[in-house]
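*Asks:* Residue numbers (the working numbering), protein chains in the order written: chain S, 1 to 108; chain W, 109 to 220. All residues carry an ideal CB built from backbone N, CA and C; glycine is no exception. These numbers were taken from a predicted model, which means no experiment stands behind them.
Quick look at the structure:
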């Protein structure tokens, strides 16, 4: 099956810093989503981005499907940005395959 | 618009017992997918239901089974519970085809 790798696994930043999270995948996909998992386990949808670039406030994402990677940018980090960020990909209309996540900790 | 809901929030069972978890899909969605998330890992796909039929299954044994009802809500049943079944169970709904999936808050199952 398709493999998804996220980097870095852990990231600790000072409040106000910028960060870039990366997601590499091993095969062509037609579905790619970024999620933020809060401390209670809820997966919050950030972006649905099988290709191209999108922005939502301080967050933006870019997927280069031909090179099989996606990037999530967080600018001016806030403590509420802390948590685990997951990239998930799909090739059909069925399952999403998740990466192992990036744990982001923002220090005040 | 109502989001995806799951019940119960938490559940404690003993080894060998059976459990049923429930999920209500988001308004307008006809597809429900179930995922298992063990501690420290990403969610793993269990199976998906589309218009009351199973539409894809991950690498889970037959004791994991499901149903989807005419209103597109869904149940996940797990028989003969094992200690390793302890996990967060997540339900996602979507509008079918290749589309964005939206997740519920999850059910945290503990097997003793």
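1) I want to see whether chain S comes within less than 8 Å of residue 140 (chain W), judged by CB atoms only; does it?
2) Using alpha carbons as the reference points, say which of W:111, W:206, W:113 and W:129 lies closest to residue 187 (chain W).
3) State the start and end residues of the unbroken beta strand (DSSP E) segment that holds residue 176 (chain W).
4) Please check if any C-beta of chain S sits within less than 8 Å of the C-beta of residue 209 (chain W).
5) Check the Cβ of residue 100 (chain S) against every Cβ in chain W and list those closer than 7 Å, keeping chain order.
6) Under three-state DSSP, which class holds residue 193 (chain W)?
7) Give the straight-line distance between the Cα atoms of residue 52 (chain S) and residue 169 (chain W), rounded to the nearest whole angstrom.
8) Since I believe residue 30 (chain S) is in contact with residue 210 (chain W) (beta carbons under 8 Å), could you give me their beta-carbon distance rounded to a whole number of angstroms?
9) Identify which residue in W:176, W:152 and W:175 has its Cα closest to the Cα of residue 167 (chain W).
10) Please report the distance separating the alpha-carbon of residue 104 (chain S) from that of residue 13 (chain S).
11) Which chain S residues sit within Cβ distance under 9 Å of residue 214 (chain W)?
12) Pairing CB atoms from the segment 130-140 of chain W with CB atoms from the segment 191-205 of chain W, are three or more of them under 8 Å?
*Replies:* So, from the listed chains and residues:
1) As a first step, residue 140 (chain W) is located in the second chain; it is residue number 32 there, counting from the start. No - not a single Cβ of chain S is within 8 Å of the one on residue 140 (chain W).
2) Here the question's residue 187 (chain W) lines up with position 79 in the second chain. Residue 187 (chain W) has its Cα closest to that of W:129, out of W:111, W:206, W:113 and W:129.
3) Position 68 of the second chain, counted from the start, is the residue given in the question as residue 176 (chain W). Element bounds for residue 176 (chain W): 172-176.
4) Mapped onto the second chain, residue 209 (chain W) falls at position 101. Yes, because at least one Cβ of chain S sits closer than 8 Å to the Cβ of residue 209 (chain W).
5) Mapped onto the first chain, residue 100 (chain S) falls at position 100. Those are 149 and 150, listed as they occur along chain W.
6) Residue numbering aside, residue 193 (chain W) sits at position 85 when the second chain is read from its first letter. For residue 193 (chain W), the secondary structure class from DSSP, reduced to helix, strand or coil, is helix.
7) The count along the first chain starts at 1 and reaches residue 52 (chain S) at position 52. The count along the second chain starts at 1 and reaches residue 169 (chain W) at position 61. So the two alpha carbons sit approximately 38 Å from each other.
8) The residue given as residue 210 (chain W) occupies position 102 in the second chain. The residue given as residue 30 (chain S) occupies position 30 in the first chain. Contact doesn't hold; Cβ gap of about 18 Å is too wide.
9) For this step, residue 167 (chain W) is matched to residue 59 along the second chain. Nearest option by C-alpha distance: W:152.
10) To locate residue 104 (chain S), count along the first chain from 1; it is residue 104. To locate residue 13 (chain S), count along the first chain from 1; it is residue 13. About 8 Å.
11) Translated into positions along the second chain, residue 214 (chain W) becomes position 106. 40, 41, 42 and 43, listed in chain order.
12) yes
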